[in-house]
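Numbered per the UniProt record's numbering, the sequence shown spans residues 1 to 265.
We put the CB at the ideal spot given by N, CA and C, even for glycine.
Have a look at the structure below, then the notes.
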Amino acid sequence: MAGFRDRGDAPVDLRVVPHPTVTLALVFGPGTPLVDDPAGGRHRGSFVAGLGTGSAGEVRVRGEEIAGVQVRLSPAVAFAALGVSPDELSGAVVTLDELWGREAARIRERLDEAPTWQHRFALTEELLARRCAEAPPAHPEVVWSWRRIVAGRGLVRVEELAAEVGWSRKRLWSRFQAQIGLPPKRAANLVRFDHAVHRLAAGDRAGRVAAESGYADQSHLHRDIAIRTGATPATVPGSPWLAVDALKWGNRAGNISSRPGRPPL
Numbered sequence: 001m002a003g004f005r006d007r008g009d010a011p012v013d014l015r016v017v018p019h020p021t022v023t024l025a026l027v028f029g030p031g032t033p034l035v036d037d038p039a040g041g042r043h044r045g046s047f048v049a050g051l052g053t054g055s056a057g058e059v060r061v062r063g064e065e066i067a068g069v070q071v072r073l074s075p076a077v078a079f080a081a082l083g084v085s086p087d088e089l090s091g092a093v094v095t096l097d098e099l100w101g102r103e104a105a106r107i108r109e110r111l112d113e114a115p116t117w118q119h120r121f122a123l124t125e126e127l128l129a130r131r132c133a134e135a136p137p138a139h140p141e142v143v144w145s146w147r148r149i150v151a152g153r154g155l156v157r158v159e160e161l162a163a164e165v166g167w168s169r170k171r172l173w174s175r176f177q178a179q180i181g182l183p184p185k186r187a188a189n190l191v192r193f194d195h196a197v198h199r200l201a202a203g204d205r206a207g208r209v210a211a212e213s214g215y216a217d218q219s220h221l222h223r224d225i226a227i228r229t230g231a232t233p234a235t236v237p238g239s240p241w242l243a244v245d246a247l248k249w250g251n252r253a254g255n256i257s258s259r260p261g262r263p264p265l
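Printed below as a string of C-alpha cells:
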C-alpha cells in the first residue's frame, strides 16, 4: 500500500506497467485522474486495474493535482475485496463507481477528510478487511497454487501444480483462471516478467537476468518486455508507474508514502 500525491510542477502522464497483482487506486483531493485503455475508452476517478493490465504500454494515467492511496491486491483475495471476478478484470480497467456505486464517493470524501497518510492507510485496511470478511474466499488449492507460482518466481510447471494439489490439469486451469484472472501458465509468465524487471531495476545485466529468470536468451527477455510494456530492458525500470515497491520506481512518480506490510501473495 502507498499514498501518492503529484508534485504539481507538471501534469501526470504515466505508462501502466503490467503487474502480477490487482491494483486498486483510491483517489481524493482536487484532481481526478483519467485512465486511457487499449480500446480507446477513458475512465475517470478511482479505478481498479486487473491482473497484467498495461500490455504494450497502451494504458496510461493522466491528470493534475492527483492524490490517492494505491493498493496492490493479491488476485487470490481480489474477488472478496472488490466484489468482482478477477477473470472479468483480467487486463482491464474498471472505475470504482461501476463496482461500488455510491460507496466509492463516500470513500473519496473520507480519504479527503483524513488528517494523515497513516489515517488513510488505516481507513483503507479497515474497508478491505470488512469486504473480505463478508465474501467467500477462493479455493485453498487455487490460493496455494498462486503462492507456489509467486514463490517460484514463475518457474513452476502447471503439471506439477496440478499433481501437488491432487487436481487434473484441466480442473486447475479452469478454477485458477476463474479465481485468479489468468490461466496458470500466463500467470507464471507475468510473475517471471515482474521478477526480471525487479532485477533490471536493481542494476543486474540483462543477459544475466534472462539466463537466471527462465528466458531462452537476452532477445527473449527483450521481446517479452517490449510486448508487455512497449519499452526496452534499459528503459522499463524507469517507467514511473505509481508503485508500492520502492526498488522499482522509488519517488519518480511524485511524493509517495508507503505502508509496510506483507507481500501481496
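Point to revise | Own chain, CB closer than 7 Å to Gln177, minus 5 neighbours either side, in chain order | key: Same-chain partners within the cutoff: Asp87 and Pro183.
Practice item. Could you have a look at Val236 and say whether DSSP puts it in helix, strand or coil? Key: Val236: helix per DSSP, three-state reduction.
Check your understanding: Based on the DSSP secondary-structure assignment, which residues constitute the bridge partners of Val71?
Key -> Leu24, per the DSSP bridge assignment.
Review point. Leu51: buried (16+ other C-beta within 10 angstroms of its C-beta) or exposed?
Key: By the neighbour-count criterion, in which 16 or more other beta carbons inside 10 Å mark a residue as buried, Leu51 falls on the buried side.
Check your understanding: Which of the three DSSP states, helix, strand or coil, is assigned to Asp97?
Key -> In this structure, Asp97 counts as helix in the three-state DSSP scheme.
Exercise for review: For the UniProt domain "HTH araC/xylS-type" (153–239), list the beta strand (DSSP E) runs that are entirely contained and at least 3 residues long, ordered along the chain.
Suggested key: Those beta strand (DSSP E) runs which fall completely within the UniProt domain "HTH araC/xylS-type" (153–239) and span 3+ residues do not exist here.
Exercise for review: Evaluate Ala9 with the Cβ neighbour count: other Cβ atoms within 10 Å of its Cβ, from every protein chain shown; 16 or more gives buried, anything less gives exposed.
Suggested key: Looking at the sequence shown, residue 9 is not Ala but Asp. With fewer than 16 other Cβ atoms within 10 Å, it is exposed.
Review point. What is the DSSP secondary structure of Arg7, reduced to helix, strand or coil?
Key: In this structure, DSSP gives Arg7 a state outside helix and strand, which the three-state scheme calls coil.
Practice item. Would you list the one or two residues that DSSP bridges to Phe47? Key: Bridge partners of Phe47: Ala25 and Thr95.
Review point. Taking DSSP as the reference, what is the three-state secondary structure of Asp37?
Key: In the structure shown, Asp37 falls within a coil segment according to DSSP collapsed to helix, strand and coil.
**Study point:** Whole-number beta carbon distance between Arg62 and Pro33, since they are thought to touch under 8 Å
**Key:** With 8 Å as the limit, Pro33 and Arg62 qualify as a contact, their Cβ atoms being about 7 Å apart.
Exercise for review: Measure the CB-CB distance between Leu128 and Ala81 and report whether it falls below 8 Å.
Suggested key: By the CB criterion at 8 Å, Leu128 and Ala81 fall inside the cutoff.
Review point. Can you list, in chain order, the residues of its chain whose CB lies under 7 Å from that of Pro233, leaving out five sequence neighbours each side?
Key: Leaving aside the five residues that flank Pro233 on each side, the residues in its chain whose CB is nearer than 7 Å to its CB run, in chain order, Leu200, Ala206, Leu221, His222 and Ile225.
Exercise for review: Return the chain-ordered list of same chain residues with a C-beta closer than 6 Å to the C-beta of Val71, the five sequence neighbours on each side being excluded.
Suggested key: These residues qualify, in order along the chain: Met1 and Leu24.
Exercise for review: Could you pull the start and end residues of the beta strand (DSSP E) that Val150 belongs to?
Suggested key: Looking at the DSSP string, Val150 is not in any beta strand (DSSP E); the run it does join, the alpha helix (DSSP H), is Pro140 to Ala151.
**Study point:** Inter-residue Cα distance where the pair is His139 and Val94
**Key:** So the two alpha carbons sit approximately 25 Å from each other.
Review point. Which of the three DSSP states, helix, strand or coil, is assigned to Thr84?
Key: Per the sequence shown, the amino acid found at residue 84 is Val instead of Thr. Of the three classes helix, strand and coil, the one that applies to Val84 here is coil, per DSSP.
Review point. Rounded to a whole number of angstroms, what is the C-alpha to C-alpha distance between Glu125 and Glu103?
Key: For the pair Glu125 and Glu103, the Cα-to-Cα distance works out to about 15 Å.
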